[in-house]
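**Q** Chains as they are written, first to last, in full-length UniProt numbering: chain G, 1 to 321; chain Y, 1 to 342.
Take this structure, written in structure tokens, and hold onto it; I'll ask about it next.
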Amino acid sequence: MEKTTIPGWLLEKQEPFNGDSGGCACLRGKPGRRGFVEKTIESIAQVLRDEFFAGQIAGNHGLLQSIDPRVKALTTLLLIIAASLIRHPLTLIVMNLWVLLLAKVSRVPVKIFFKRVWLVVPLFTGIIVLPSIFNIVSPGDPLLTLFKSNHQIHIGSWTLPNTLTITRQGVHGALALILRVGASVSLALILTLTTRWNILLKALNMIFVPQIFISVLEMTYRYIYLLLQTAGEIFVARQSRTVGRASTKEQRRFIGGAMGTLWGKAYNVSEEVHAAMVSRGYTGKPKTLVAFKTRAMDWLWAAFIVLVSLFFLGGDRIVAR
Amino acid sequence: MHIPDGYLSPQTCAVMGAAMLPVWATAVKKVKKTIKTRYVPLMAIGAAFSFTIMMYNIPIPDGTTAHAVGAGILSIILGPWAAAISISVALAIQALLFGDGGILAFGANCFNMAFVFPFTSYYIYRLIAGRSDITAARRWVGGLIAGYVGINLAALCAAVEFGLQPTLFHAASGAPLYCPYPLNIAVPAMAFGHLLIAGPVEAVATALVLRYIQAANPDLLTVGSTLAREEAHGYSKLWWGVGAMILLSPLGLLAQGTAWGEWGADEIKDMLGFIPAGLEHLSDSWHALMPDYSIPGLDGSLWQSATGYILTAIAGVAIIGAITYLFGKYQRRADQGKEMSN
């Protein structure tokens, strides 16, 4: 298969235009901060860029790309369930390392993998669980005492204890949560990066998902591009027509109008698509063209994953005891 | 509000997924009955619309931006059943393609955002809009309130799901296994953000879109009502009942007892009845399945058995790593062979 690559200059992160032409500066709430129009255009571009990368990686020749998609979907689900039943951070660390190896033999670029998992998860989940390491949320054995006072502090109906400590139970729970979220996100990411979307959908249909969901999913996936493009054009048009500063009321009216217009356009498209489908003989029962074949390797892989899950769960019960 | 995997126990995810099954089944049945083939492209594009709406950044007063979910507006335009399917599909694409929301937690995310949210919004909107004129102010005011209440109720459900985790699932040492915050922290924390920021954003977005459609394309507002007519009798009472139950279940929990979130697992069992029974059964069977990791002859003292565990663990990890590597290597060679023969 021919490999497609994006030219480097398309991937460079563009600095917001700060010149004196004022084309976009007018929409900024504060100097140096980008306005909602630019942010929207950027988030639309980000979605398209991510999707392009996923398509490229799915075309690599790696381990998971070659496994039958039905087997792959089920084994991934099994591994995610195993990850969510594991209790001890140590087991989770080992599992995460193994998942990293899995990504490597599936030729998922480690850089992208790290950026999507280990830059995002500790940041978001870390901030959320940070307060839980203290004894206010997780009472238990103190690891480190930060603060001691002689009188109790009352805030409304809450009573704060007179010492503030980091507890073993709190740290344990927080670590386990971050590592578990990391493992689950990694597994889901590997599944979707190594499988083409239309193939994954057909695999889901053969496992347990009803046809109407698959039909809607397949069409949605295509129309997301159309609607993203339409939305992007609405915003670019707005940006290129704007001179001066728009009032907040004006901005809000624009957003409402942009959403309403998008719905209007989408609705028209759906009517046209329906007419086109019916005129081509659509009766509500689509036919699929891809036929799946399981090979010995797929069964071997499935058996291996079952063993791996049991190993991690069993090992975890021993460690956590 | 997208819950990633790892925050909720698999048991909770299973219960939430099971709760969504009848909703999806009924939605599919209704949708098939009403407009037949026309519905597939309409729902697909509705889902794409809902996905795209979440990309829109909406300016909020302090100069930053937030985004709306769009479940309220979609349920008003399409009716709640079609909206439930469309939003589920949008959530599936977000979970599978972009890692936004977990795969195990998919049922829980759908329950909050594709069931509670659109149904609440839809019925509040219908209640306020009544039989008023398509262009009446009552319609967009209804949308405003519907969006606000809908997103807050969905957030409350998410908060209750989070808040039950530390009470239901913790290790023997007391360390929480999943989301560490009990109800008395989870509910106010979620309520704060949603009552003050996400709620107004959703409300204003819903109202603005409704006003725009009223002015520019009023016909679009009749789509939902023609689709909704058939469902108006028979099922609506059932769903009011379900809605009341959803409302009451967290309230019942909050009202119980004096100390916030200090109930034991047994009390929760009495209050809820269903989750822990399955959980206990599950954990028992897992224990029965687990083999003891020990090396014969090394299971005497604590030290010996500990060494045994460590040795078997290292060996196990090494074997798993090696097999994974071999699978990858075999695959590469198979591919090379194929390329040569081509």
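Glycine residues also receive a C-beta, built at the ideal position from the N, C-alpha and C atoms.
If we call anything under 7 Å between Cβ atoms a contact, is Ile190(G) one with Ala103(G)?
**A** Within the first sequence, residue 190(G) is the residue found at index 190, counting from 1. Within the first sequence, residue 103(G) is the residue found at index 103, counting from 1. For Ile190(G) and Ala103(G), yes; Cβs fall inside 7 Å.
**Q** The ligand HEM and Met43(Y): does the residue's C-beta get closer than 6 Å to at least one heavy atom of that ligand?
**A** Among the ligands in the structure shown, none appear at all, so the ligand HEM cannot be discussed.
**Q** Taking residue 382(G) as part of the beta strand (DSSP E), name the residues at either end of that continuous run.
**A** Since the displayed chain G opens at 1 and closes at 321, residue 382(G) lies outside it and no answer follows.
**Q** With a cut-off of 8 Å, do at least 3 Cβ pairs link the stretch 7–19 of chain Y to the stretch 89–106 of chain G?
**A** no
**Q** Alpha carbon to alpha carbon, how far is Ile136(G) from Ile127(G)?
**A** As a first step, residue 136(G) is located in the first sequence; it is residue number 136 there, counting from the start. As a first step, residue 127(G) is located in the first sequence; it is residue number 127 there, counting from the start. Rounded to the nearest angstrom, the two C-alpha atoms are 16 Å apart.
**Q** By the DSSP assignment, the alpha helix (DSSP H) with Leu168(Y) in it spans what residues?
**A** The residue you call residue 168(Y) lines up with position 168 of the second sequence. Ala137 to Leu168 is the extent of the alpha helix (DSSP H) around Leu168(Y).
**Q** My output table needs one value for Phe134(G): the three-state DSSP class, helix, strand or coil.
**A** By one-based count along the first sequence, residue 134(G) stands at place 134. Phe134(G): strand per DSSP, three-state reduction.
**Q** Within a Cβ cutoff of 7 Å, which residues of the same chain sit near Leu48(G), ignoring the five residues on either side of it in sequence?
**A** Taking the first sequence and counting its residues from 1, the one referred to as residue 48(G) is at position 48. The answer, listed in chain order, is Leu228.
**Q** Please confirm whether Arg38(Y) has its beta-carbon closer than 7 Å to some beta-carbon of chain B.
**A** Of the protein chains in this structure, namely G and Y, none is chain B.
**Q** Along chain G, which residues have their Cβ under 9 Å away from the Cβ of Ile77(Y)?
**A** Here the question's residue 77(Y) lines up with position 77 in the second sequence. In chain order: Trp263 and Tyr267.
**Q** Beta-carbon of Arg87(G) versus every beta-carbon of chain Y: anything under 7 Å?
**A** Here residue 87(G) refers to the residue found at position 87 of the first sequence. Any Cβ of chain Y closer than 7 Å to the Cβ of Arg87(G) would place that residue at the interface, and such an atom is present.
**Q** Can you say whether Gly244(G) is buried or exposed, counting buried as having 16 or more other CB atoms within 10 angstroms of its CB?
**A** As a working mapping, residue 244(G) is identified with position 244 in the first sequence. Under this definition Gly244(G) is an exposed residue.
**Q** Using a 10 Å radius around the Cβ and a threshold of 16 neighbouring Cβ atoms, would you call Trp299(G) buried or exposed?
**A** Counting from one through the first sequence, the residue named residue 299(G) turns up at place 299. Classification for Trp299(G): exposed.
**Q** Do three or more CB pairs link the stretch 61–81 of chain G to the stretch 300–307 of chain G at distances below 8 Å?
**A** With the cut-off at 8 Å, the stretch 61–81 of chain G and the stretch 300–307 of chain G touch.
**Q** Within 7 Å of any Cβ in chain Y, is that where the Cβ of Ala275(G) sits?
**A** On the first sequence, residue 275(G) is found 275 positions in, with the first residue counted as 1. So, not an interface residue.
**Q** Does any CB atom of chain Y fall closer than 7 Å to the CB of Phe208(G)?
**A** Numbered from its first residue, the first sequence carries residue 208(G) at position 208. Not closer than 7 Å to any Cβ of chain Y, the Cβ of Phe208(G) fails to qualify, so no.
**Q** Give the C-beta separation of Ile151(Y) and Gly142(Y) to the nearest angstrom, bearing in mind that I take them to be a contact with Cβ-Cβ under 8 Å.
**A** Position 151 of the second sequence, counted from the first residue, corresponds to residue 151(Y). Position 142 of the second sequence, counted from the first residue, corresponds to residue 142(Y). Contact doesn't hold; Cβ gap of about 15 Å is too wide.
**Q** Count the other C-beta atoms from every protein chain shown that fall within 10 angstroms of the C-beta of Ser270(G), then say buried if there are 16 or more, exposed otherwise.
**A** In the first sequence, counting from the first residue as 1, residue 270(G) sits at position 270. With 16 or more other Cβ atoms within 10 Å, it is buried.
**Q** Less than 7 Å between CB atoms is the rule here; does Met43(Y) satisfy it with respect to chain G?
**A** Along the second sequence, one-based indexing puts residue 43(Y) at 43. So yes, Met43(Y) belongs to the interface.
**Q** Please state whether DSSP places His287(Y) in a helix, a strand or coil.
**A** The count along the second sequence starts at 1 and reaches residue 287(Y) at position 287. Residue confidence for His287(Y) is low, a pLDDT of 43 falling below 50, so the modelled location carries little weight; the figure read from the coordinates is stated next. Correct three-state label for His287(Y): helix.
**Q** In three-state terms, what does DSSP make of Ile6(G)?
**A** Numbered from 1 along the first sequence, position 6 holds the residue referred to as residue 6(G). In the three-state reduction of the DSSP assignment, Ile6(G) falls in the coil class.
**Q** Once you ignore the five residues that flank Ile80(G) on each side, which residues in its own chain have a CB closer than 6 Å to its CB?
**A** Sequence index remark: in the first sequence, residue 80(G) carries index 80 (1-based). The beta carbon of Ile80(G) sits closer than 6 Å to those of Ser184 and Leu187, all from its chain and outside the five residues before and after it, given in chain order.
**Q** Should Ala259(Y) go down as buried or exposed, given a rule of 16 or more other Cβ atoms within 10 Å for buried?
**A** Numbered from 1 along the second sequence, position 259 holds the residue referred to as residue 259(Y). Unreliable placement is indicated for Ala259(Y), whose pLDDT of 34 sits below 50; the coordinate value is still reported in the next sentence. Classification of Ala259(Y): exposed, given that the 10 Å Cβ count is below 16.
**Q** Using the beta-carbon count (16 or more within 10 Å), is Thr5(G) buried or exposed?
**A** Sequence index remark: in the first sequence, residue 5(G) carries index 5 (1-based). Thr5(G) should be labelled exposed.
**Q** Which class does Ile185(Y) belong to by DSSP, given the choice of helix, strand or coil?
**A** On the second sequence, residue 185(Y) is found 185 positions in, with the first residue counted as 1. In this structure, Ile185(Y) counts as helix in the three-state DSSP scheme.
**Q** Give the straight-line distance between the Cα atoms of Val40(Y) and Lys249(G), rounded to the nearest whole angstrom.
**A** Here residue 40(Y) refers to the residue found at position 40 of the second sequence. Here residue 249(G) refers to the residue found at position 249 of the first sequence. If I take the Cα positions, the gap works out to 37 Å.
**Q** Of all the CB atoms in chain Y, is at least one closer than 7 Å to the CB of Phe134(G)?
**A** Position 134 of the first sequence, counted from the start, is the residue given in the question as residue 134(G). No, Phe134(G) lies away from the interface with chain Y (no Cβ there is under 7 Å from its Cβ).
**Q** Mapping DSSP to helix, strand and coil, what is Ala66(Y)?
**A** Against the second sequence, residue 66(Y) aligns to sequence position 66. Three-state DSSP puts Ala66(Y) in a strand.
**Q** Go to Cys110(Y), then tell me how far its alpha helix (DSSP H) extends in each direction, as first and last residue.
**A** Sequence index remark: in the second sequence, residue 110(Y) carries index 110 (1-based). Residues Phe106 to Cys110.
**Q** I need the straight-line Cα distance from His233(Y) to Leu63(G), nearest angstrom please.
**A** Here residue 233(Y) corresponds to residue number 233 of the second sequence, with the count starting at 1. Here residue 63(G) corresponds to residue number 63 of the first sequence, with the count starting at 1. For His233(Y), the predicted structure reports a pLDDT of 45, less than 50, and the residue's modelled location is therefore unreliable. A value from the coordinates is still provided. Answer to the nearest angstrom: the Cα atoms are 54 Å apart.
**Q** So for Thr145(G), helix, strand or coil by DSSP?
**A** Here residue 145(G) refers to the residue found at position 145 when the first sequence is read from its first residue. Note: Thr145(G) maps to strand in three-state DSSP.
**Q** Distance cutoff 7 Å, beta carbons only. Does Gly232(G) sit that close to anything in chain Y?
**A** For this step, residue 232(G) is matched to residue 232 along the first sequence. No, because no Cβ of chain Y sits closer than 7 Å to the Cβ of Gly232(G).
**Q** Suppose contacts are defined by Cβ-Cβ distances below 7 Å. Is Gln169(G) in contact with Ala175(Y) by that definition?
**A** Mapped onto the first sequence, residue 169(G) falls at position 169. Mapped onto the second sequence, residue 175(Y) falls at position 175. The answer is yes: Cβ separation under 7 Å.
**Q** Against chain G, does Tyr123(Y) count as a neighbour if the rule is that its beta carbon must be under 7 Å from one of theirs?
**A** Along the second sequence, read from residue 1 onward, the residue named residue 123(Y) stands at position 123. For Tyr123(Y), the answer is no, since every Cβ of chain G falls outside 7 Å of its Cβ.
**Q** Using a beta-carbon distance below 7 Å, is Ile275(Y) in contact with chain G?
**A** The sequence position of residue 275(Y) within the second sequence is 275, counting from 1. Confidence at Ile275(Y) is low in this model, with a pLDDT of 40, below 50, so its placement is unreliable and no value can be given for it.
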